[in-house]
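Participant: My structure is below; once you've seen it, I'll send some questions.
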Amino acid sequence: MNRRSNVHSEIVDVLNRIERLNELVQLHKQQPLVDTLTVEGYERLREQYINQLEELLASLNIKAEIHLKAA
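Numbered according to the working numbering, the sequence shown spans residues -4 to 66.
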């Protein structure tokens, strides 16, 4: 697998991880007793993945500033 194809796979993987974290954040926020520490942990991890995604896109000469949509 060439480098570009590998980067494409990594981008898809990171997007899938972000999507899963979005689902987990929503799930935990809907619970009667919100576990704030867990939600904050997921949100920090999601931010790390967003930074990783920006770096991967930069390796393809794409400048992206990704921001979370307000809930």
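Every residue, glycine too, gets a C-beta built ideally from N, C-alpha and C.
Would you check if the segment 23 to 34 and the segment -2 to 11 touch, i.e. whether three or more CB-CB distances between them fall below 8 Å?
Facilitator: The answer is no - the segment 23 to 34 does not touch the segment -2 to 11, with fewer than three Cβ pairs under 8 Å.
Participant: Under the three-state reduction of DSSP, which class applies to HIS23: helix, strand or coil?
Facilitator: Your numbering for residue 23 matches position 28 in the sequence shown. Helix.
Participant: Between which residues of its own chain and LEU19 is the CB-CB distance below 8 Å, once the five residues before and five after are set aside?
Facilitator: Position 24 of the sequence shown holds residue 19. Cβ within range, chain order: TYR37.
Participant: In chain order, what residues of the same chain lie with their CB nearer than 7 Å to the CB of LEU40, ignoring the 5 residues before and after it?
Facilitator: Locating residue 40 in the sequence shown gives position 45, counting from the first residue. Contacts found: LEU16.
Participant: Rounded to the nearest angstrom, what separates GLU49 and ASN56 at their Cα positions?
Facilitator: Here residue 49 refers to the residue found at position 54 when the sequence shown is read from its first residue. Here residue 56 refers to the residue found at position 61 when the sequence shown is read from its first residue. Taking the straight line from one Cα to the other gives about 10 Å.
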